[in-house]
Amino acid sequence: MKKAFTKRKSNHATFMYIPESESKVVSVRIPLWMPKVMAIALVLLLLGTSSLLYITNSINKRYSESKDEISALAAVNSHQKQEIEKLQNDAVQIQQQLVENIRALDQIKEIVGIKKSSEAAEEIKTIQPNSADTSQTTSDDASQQLSQIKTSYKELSIQLLSQRRLIDNSVDPVKKQVSYLNAMPSIKPVNTKITDSYGYRKNPFTNRGSEFHSGIDFAGETGTSIKATGDGVVIFAGWQSGYGKVLIISHGYGITTLYGHNSQLLVAKGDKVKKEQIISKMGSTGRSTGPHLHYEVRVYGKPVNPSKYFK
Numbered sequence: 012m013k014k015a016f017t018k019r020k021s022n023h024a025t026f027m028y029i030p031e032s033e034s035k036v037v038s039v040r041i042p043l044w045m046p047k048v049m050a051i052a053l054v055l056l057l058l059g060t061s062s063l064l065y066i067t068n069s070i071n072k073r074y075s076e077s078k079d080e081i082s083a084l085a086a087v088n089s090h091q092k093q094e095i096e097k098l099q100n101d102a103v104q105i106q107q108q109l110v111e112n113i114r115a116l117d118q119i120k121e122i123v124g125i126k127k128s129s130e131a132a133e134e135i136k137t138i139q140p141n142s143a144d145t146s147q148t149t150s151d152d153a154s155q156q157l158s159q160i161k162t163s164y165k166e167l168s169i170q171l172l173s174q175r176r177l178i179d180n181s182v183d184p185v186k187k188q189v190s191y192l193n194a195m196p197s198i199k200p201v202n203t204k205i206t207d208s209y210g211y212r213k214n215p216f217t218n219r220g221s222e223f224h225s226g227i228d229f230a231g232e233t234g235t236s237i238k239a240t241g242d243g244v245v246i247f248a249g250w251q252s253g254y255g256k257v258l259i260i261s262h263g264y265g266i267t268t269l270y271g272h273n274s275q276l277l278v279a280k281g282d283k284v285k286k287e288q289i290i291s292k293m294g295s296t297g298r299s300t301g302p303h304l305h306y307e308v309r310v311y312g313k314p315v316n317p318s319k320y321f322k
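Numbering of the sequence shown is given in my numbering, commencing with residue 12 and proceeding in unit increments.
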């Protein structure tokens with residue numbers, strides 16, 4: 012093959028290709044500025060490629076960092092949602108406990124005969140747990156929910172203070188009522204047969220005429236345990252004509268009880284006694300037809316029907 016040569020002419024360059032065979036000679040004519048432009052374009056292409064690679068790497072790096080940040084934020088958001096749900100549930104439980112406390116107080120008041128506080132339970136605002144789908148909760152949603160929970164807890168705090176005042180104001184009346192109920196002679200002193208009731212009866216010794224019986228007679232065997240019918244203080248323990256060995260207990264509120272014909276006294280004057288406490292043993296001391304208990308209830312010294320006090 013023959014060597015190609017360049018023939019310069021004017022502002023153009025001609026490139027000729029002369030094959031060794033008799034084939035046709037090929038010539039190419041290009042402007043002289045073309046190689047420079049191509050060189051510049053090549054340099055720009057290399058620079059552009061390098062910049063594109065740098066930008067691509069930066070984007071990939073930023074994407075990786077953003078992905079990690081998103082994962083971290085997702086974990087934080089998940090934790091926040093769990094905390095929000097827990098706070099909501101706690102608020103509901105506290106609200107339910109408030110209502111239960113009022114109901115329990117009402118039950119106590121009902122037992123002791125004091126007006127209920129049901130209206131206080133109705134004043135307690137109902138707090139409902141958030142039923143929305145928390146899987147799509149955003150930061151703004153979480154902030155709003157936290158604000159609502161904060162408001163709910165403030166309301167609960169006010170309700171707790173109100174309930175505390177209600178309970179404090181109820182303690183003294185309940186205590187007084189319980190003390191009153193415990194003092195009332197509301198039980199039988201002994202669970203045996205009643206042989207004589209309160210009111211007029213035939214004379215048990217002559218079986219003739221009538222006389223007023225100021226109490227109730229309970230039959231039984233000597234030594235049968237006798238109980239105090241209410242809380243009180245022993246104001247007399249000793250012998251009385253007709254009644255034999257006698258106990259008299261003051262229950263307050265102007266009420267006293269008398270236990271007569273005992274064979275044995277188990278408490279002394281000045282002793283405090285409790286309802287259902289064993290205080291004496293049945294006997295037949297004094298003017299008696301046989302072993303029995305003569306039991307009286309007196310209001311400001313006047314005998315009344317004891318059976319009206321029995322439950």
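C-beta: ideal position from N, C-alpha, C; glycine also. Note that the coordinates shown come from a computational prediction; the quantities given were computed from them, not determined experimentally.
Kindly indicate which three-state DSSP category R219 falls into: helix, strand or coil? Indexing the sequence shown from 1 puts residue 219 at position 208. Reduced to three states, the DSSP call for R219 is coil.
Answer yes if the region 207-224 comes into contact with the region 246-264, meaning at least three C-beta pairs across the two stretches below 8 Å, and no otherwise. no
In the DSSP assignment, find the unbroken beta strand (DSSP E) run with A248 in it and report its ends. Residue numbering aside, residue 248 sits at position 237 when the sequence shown is read from its first letter. From DSSP, the beta strand (DSSP E) with A248 extends over G243 to Q251.
If I follow the unbroken beta strand (DSSP E) through A230, where does it start and stop? For the purposes of this step, residue 230 is taken as residue 219 along the sequence shown, with counting starting at 1. A230 -> beta strand (DSSP E) spans I227 to A230.
With a threshold of 16 other CB atoms inside 10 Å of the CB of Q139, please say whether the residue is buried or exposed. Here residue 139 refers to the residue found at position 128 of the sequence shown. Residue placement at Q139 cannot be trusted, given a pLDDT of 48 that sits under 50; the coordinates are not used to answer.
Distance check for Y65 and S168, CA to CA, integer angstroms please. Locating residue 168 in the sequence shown gives position 157, where the first residue counts as 1. Locating residue 65 in the sequence shown gives position 54, where the first residue counts as 1. For S168 and Y65, the distance between alpha carbons rounds to 59 Å.
Expressed to the nearest angstrom, what Euclidean distance is found between the alpha-carbon atoms of N141 and S163? As a working mapping, residue 141 is identified with position 130 in the sequence shown. As a working mapping, residue 163 is identified with position 152 in the sequence shown. Here N141 scores only 47 on pLDDT, less than 50, and its place in the model should not be relied on; the value that follows carries that caveat. C-alpha separation (whole angstroms): 12 Å.
Since R212 sits in a beta bridge, which residues does DSSP pair it with? One-based indexing of the sequence shown puts residue 212 at position 201. E222.
Is the Cβ-Cβ distance between G234 and M195 less than 9 Å? As a position in the sequence shown, residue 234 is number 223, starting the count at 1. As a position in the sequence shown, residue 195 is number 184, starting the count at 1. When the beta-carbon positions are compared, G234 and M195 stay at least 9 Å from each other.
Tell whether a beta-carbon distance below 9 Å holds between Y306 and L277. Stepping through the sequence shown from its first residue, residue 306 is reached at position 295. Stepping through the sequence shown from its first residue, residue 277 is reached at position 266. For Y306 and L277, no; Cβs fall outside 9 Å.
In three-state terms, what does DSSP make of K187? The sequence position of residue 187 within the sequence shown is 176, counting from 1. Helix.
Thinking C-alpha only, which one of K285, K313 and S291 is nearest G255? Taking the first residue of the sequence shown as position 1, residue 255 is located at position 244. When only C-alpha atoms are compared, the closest one is S291.
When DSSP builds the beta bridges, which residues end up paired with H303? Here residue 303 is taken as the residue at index 292 of the sequence shown, counted from 1. For H303, which the question treats as bridged, DSSP gives the partners A230 and G294.
Go through its chain and collect everything with a Cβ distance to H331's Cβ below 8 Å, but skip five positions before and after it. The chain is shown from 12 up to 322; residue 331 falls before or after that span and cannot be answered.
Mind checking which residues open and close the beta strand (DSSP E) that includes K313? Taking the sequence shown and counting its residues from 1, the one referred to as residue 313 is at position 302. K313 -> beta strand (DSSP E) spans K313 to V315.
For Q159, which residues in the same chain have their Cβ closer than 7 Å to its Cβ, ignoring the five residues on either side in sequence? Here residue 159 is taken as the residue at index 148 of the sequence shown, counted from 1. So no residue of the chain qualifies.
Look at D228 and H303 and say whether their C-beta atoms are less than 9 Å apart. Locating residue 228 in the sequence shown gives position 217, counting from the first residue. Locating residue 303 in the sequence shown gives position 292, counting from the first residue. Taking 9 Å as the Cβ cut-off, D228 and H303 qualify as a contacting pair.
Per-residue DSSP class, three states only, for G59: In the sequence shown, counting from the first residue as 1, residue 59 sits at position 48. Helix.
Going by the CB atoms, is the gap between S197 and Y311 shorter than 9 Å? The residue you call residue 311 lines up with position 300 of the sequence shown. The residue you call residue 197 lines up with position 186 of the sequence shown. Cβ distance not < 9 Å, so Y311 and S197 don't count as in contact.
If you measure between the beta carbons of K120 and N193, is that distance less than 9 Å? As a working mapping, residue 120 is identified with position 109 in the sequence shown. As a working mapping, residue 193 is identified with position 182 in the sequence shown. Taking a C-beta distance under 9 Å as the contact criterion, K120 and N193 do not qualify as a contact pair.
So who's on the other strand from D207, going by DSSP bridges? The count along the sequence shown starts at 1 and reaches residue 207 at position 196. Residue pairing for D207: DSSP places it in a beta bridge opposite D228.
Which residue's Cα is closest to the Cα of I122: Q188, Y264 and S154? For this step, residue 122 is matched to residue 111 along the sequence shown. I122 has its Cα closest to that of Q188, out of Q188, Y264 and S154.
Under 9 Å between C-beta atoms of D226 and P314: As a working note, residue 226 is residue 215 in the sequence shown. As a working note, residue 314 is residue 303 in the sequence shown. Checking the displayed sequence, the identity of residue 226 turns out to be Gly instead of Asp. Going by C-beta atoms, G226 is nearer than 9 Å to P314.
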